[in-house]
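Participant:
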Amino acid sequence: MSDRIQTYGEFWPFYLREHSQASTRWLHFAGTSLGVGLGVTAAVTGRGALIPAALVAAYGFAWLSHFKIENNRPASFKYPLWSFISDLRMAALMATGQLTPHLERAWAGRPVPVPVASAQAEVR
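Counting in this note's numbering, the final residue of the sequence shown is number 113, and the numbers go up one at a time with none missing.
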């Protein structure tokens, strides 16, 4: 039997639990926003040299937060596509102030390392 997650529906709560600290989520938000901004700029202006900068920005912020704050391995190592989708999803939910219910469901019935209420500080 594989310990590998089989569906995105299973992956999303796992992803959120791997981002238990608000500072991790905010670093992801910053990196994702910067990475998307640089990627769009590269596409619009034709400056392909910005693509590596976009990847370094997005993954640099994320990986730093996992290694220094969460003390875990980024999910992107094992689930790159689902992690990319989830980075965008989490950033969008943070930007619209809708992340808290997702965090609450992800932690339902599990010990929460930090109060999920700290997610209330997400952008509204």
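Where is the CB? At the ideal position from N, CA and C, for every residue including glycine.
1. Quick one, are the C-beta atoms of Ala46 and Tyr4 less than 9 Å apart?
2. Looking at C-beta atoms only, is the number of pairs between the segment 79 to 90 and the segment 12 to 21 that lie closer than 8 Å three or more?
3. Find the nearest neighbour of Val25 within the set Asn60, Leu44, Gly37, Glu7, judged by alpha-carbon distance.
4. Measure the CB-CB distance between Gln10 and Ser75 and report whether it falls below 9 Å.
5. Can you find the residues in the same chain that come closer than 8 Å, C-beta to C-beta, to Val29, ignoring five residues on each side of it along the sequence?
6. Using only CA atoms, which one of Trp1, Asn60, Ser22, Asn61 lies nearest to Ala81?
7. Hey, could you find the ends of the alpha helix (DSSP H) Tyr4 is sitting in?
8. Which residue's Cα is closest to the Cα of Ile40: Trp71, Leu27, Asp(-8), Glu(-1)?
9. Applying the criterion that 16 or more other CB atoms from any shown protein chain within 10 Å of the CB defines a buried residue, is Gly20 buried or exposed?
10. Using the C-alpha atoms, what's the distance from Phe0 back to Trp52?
11. Terminal residues of the continuous alpha helix (DSSP H) containing Thr21?
12. Can you tell me whether Leu77 is buried or exposed, with buried defined as 16 or more other CB within 10 angstroms of its CB?
Facilitator: The structure says:
1. no
2. yes
3. Leu44
4. no
5. none
6. Ser22
7. -3 to 6
8. Leu27
9. buried
10. 18 Å
11. 11 to 34
12. exposed
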